[in-house]
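Just so you know, we're using the working numbering here: the sequence shown kicks off at 57 and counts up by one.
Every residue gets a Cβ at the ideal spot worked out from N, C-alpha and C, and that includes glycine.
The structure displayed is predicted, hence computed values, not measured ones.
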Amino acid sequence: SYTLGWFRWVCDTVEFLPGFKWPGYKVKGAVYEGELLHYAAFQGSVEILKWLMEKKGWGLNQDTDRCAGMGGSIKVLEYLKAGGYVFDRKACDGAARGGRLEALKFLR
57 SYTLGWFRWV CDTVEFLPGF KWPGYKVKGA VYEGELLHYA AFQGSVEILK WLMEKKGWGL
117 NQDTDRCAGM GGSIKVLEYL KAGGYVFDRK ACDGAARGGR LEALKFLR
């Protein structure tokens, strides 16, 4: 997993487009904010998610919960829930695909 320092370096080095786009809908060669948010959620780092959302001002998107579920970090799921994020079936799907039973129990 990567550190907050790595995420800061990436943010200082790469130009990001707002939001998130699925492959096939992306601007060729573009990197979207949502991709880094997804990675932080999957990696299980509340510290990095907070930094991206609060310091960088990046917003969650329709697939953040799937990545958080797949990563299985209860702390990340609790952080998202405390912030008002409403989980849907995609979060459970991510947890199931990732083999994250505790996350699946938390999400049900």
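- Message: Starting from Phe98, trace the alpha helix (DSSP H) in both directions and tell me its first and last residue.
- Response: Translated into positions along the sequence shown, residue 98 becomes position 42. Phe98 -> alpha helix (DSSP H) spans Glu89 to Gln99.
- Query: Can you tell which of Gln99, Ala86 and Val142 has its C-alpha closest to the C-alpha of Gln118?
  - Reply: As a first step, residue 118 must be located in the sequence shown, where it is residue number 62. Closest option to Gln118, Cα to Cα, is Val142.
- Item | Glu103 versus Lys84: straight-line alpha-carbon distance, rounded | The residue you call residue 103 lines up with position 47 of the sequence shown. The residue you call residue 84 lines up with position 28 of the sequence shown. Cα-Cα distance, rounded: 30 Å.
- Task: Work out the CA separation of Ala147 and Arg156 for me, nearest whole Å.
- Result: Working through the sequence shown from its first residue, we reach residue 156 at position 100. Working through the sequence shown from its first residue, we reach residue 147 at position 91. Roughly 11 Å separates the two Cα atoms.
- Item | Span of the alpha helix (DSSP H) around Val83 | In the sequence shown, residue 83 corresponds to position 27, counting from 1. Careful: Val83 lies outside any alpha helix (DSSP H) and carries neither H nor E.
- Residue(s) in a DSSP beta bridge with Leu133: Residue numbering aside, residue 133 sits at position 77 when the sequence shown is read from its first letter. DSSP output for Leu133 lists no bridge partner at all.
- Query: Going by the CB atoms, is the gap between Glu91 and Gly128 shorter than 8 Å?
  - Reply: Taking the sequence shown and counting its residues from 1, the one referred to as residue 128 is at position 72. Taking the sequence shown and counting its residues from 1, the one referred to as residue 91 is at position 35. The answer is no: Cβ separation not under 8 Å.
- Opening and closing residue of the alpha helix (DSSP H) in which Gly61 lies: Along the sequence shown, read from residue 1 onward, the residue named residue 61 stands at position 5. Here the alpha helix (DSSP H) through Gly61 covers Leu60 to Thr69.
- Can you check DSSP and say which residues form a bridge with Phe72? Taking the first residue of the sequence shown as position 1, residue 72 is located at position 16. Answer is Val87, bridged to Phe72.
- For Ala96 versus Gly125, is the C-beta distance shorter than 8 Å? Here the question's residue 96 lines up with position 40 in the sequence shown. Here the question's residue 125 lines up with position 69 in the sequence shown. Against a cut-off of 8 Å, the Cβ pair of Gly125 and Ala96 comes out as no contact.
- Query: Any idea what DSSP makes of Phe107, helix, strand or coil?
  - Reply: Working through the sequence shown from its first residue, we reach residue 107 at position 51. According to the sequence shown, residue 107 is Trp rather than Phe. If DSSP states are grouped into helix, strand and coil, Trp107 belongs with the helices.
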